[in-house]
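Everything below concerns the one structure shown next.
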Amino acid sequence: MATPHESAQSLMKLYDLRREEKMREARHWYIRSFNPASLDEVSSLMQTEESATYVRMVLSYWEMAASFVVHGAIDRAMFYDASGEMLAVFCKLEHMIDDLRESSGFRPRLTNVEAVAADWPGSKERMVAMREYLADMAQR
């Protein structure tokens with residue numbers, strides 16, 4: 001189990017990774033423009049190189065970060081306080097996660113993100129509110 005100092009250091013390193021220019025672009029695109037309602041829409045969006053790159057960057061970043069929590073390298077409570085964006089990322093795919101895993105043939109896809117989200121106090125309610133907010137944002 002990570003000490004509070006180790007968790008803080010790891011979270012700061014994760015934050016630094018999020019600040020990298022290409023990652024910022026990917027995160028912005030994912031939150032603003034990636035709004036799939038179905039697996040077919042995900043597949044369609046993944047046909048363009050830029051979209052596919054952005055989706056892979058964002059999902060792999062948050063899967064990696066969540067794996068640190070699952071394995072005790074980052075304190076859960078500290079992660080919850082600092083990483084709400086992960087829930088916004090997950091809530092865009094949560095409703096189709098089983099179909100996404102089945103279609104890709106890669107069953108472990110986003111399992112750490114899903115596990116952290118499931119244990120996150122109040123995450124269900126928070127993700128409902130996020131879905132509404134993100135849907136409003138997509139309409140603008």
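When we follow the numbering used here, the leftmost residue of the sequence shown carries the number 1, and every step to the right adds one. We put the beta carbon where it would ideally sit given N, CA and C, even for glycine. Only a predicted model underlies this, so the values are computations on that prediction, with no experimental measurement involved.
What residues in its chain sit with their C-beta under 7 Å from that of residue i, if we drop five residues either side in the sequence?
i: Ser103; result: Leu39
Going by other Cβ atoms of all chains shown within 10 Å of its Cβ, with 16 needed for buried, is residue i buried or exposed?
i: Tyr30; result: buried
i: Glu20; result: exposed
i: Val128; result: exposed
i: Lys124; result: exposed
i: Ala54; result: Here residue 54 turns out to be Tyr, not Ala, going by the sequence shown. Buried: at least 16 other Cβ atoms inside 10 Å.
i: Glu6; result: exposed
What's the gap between the Cα of residue i and the Cα of residue j?
i: Asp99; j: Pro36; result: 13 Å
i: Lys13; j: Ala73; result: 13 Å
i: Phe34; j: Leu17; result: 21 Å
i: Glu85; j: Glu41; result: 22 Å
i: Gly122; j: Glu132; result: 16 Å
i: Arg32; j: Glu25; result: 10 Å
i: Ala52; j: Thr3; result: 36 Å
i: Leu93; j: Asp75; result: 25 Å
i: Ser44; j: Met57; result: 17 Å
i: His95; j: Arg109; result: 14 Å
i: Met78; j: Ala8; result: 8 Å
i: Met23; j: Ala65; result: 14 Å
i: Thr111; j: Arg101; result: 10 Å
i: Ala115; j: Ala135; result: 24 Å
i: Trp62; j: Val89; result: 8 Å
Indicate the three-state DSSP secondary structure (helix, strand or coil) for residue i in the structure shown.
i: His5; result: helix
i: Ala135; result: helix
i: Asn35; result: coil
i: Leu93; result: coil
i: Glu63; result: helix
i: Trp29; result: helix
i: Asp75; result: coil
i: Ser83; result: coil
i: Arg24; result: helix
Might you give, ordered along the chain, the residues of its own chain that have their beta carbon closer than 6 Å to the beta carbon of residue i, omitting 5 neighbours on each side?
i: Cys91; result: Met127, Met130 and Arg131
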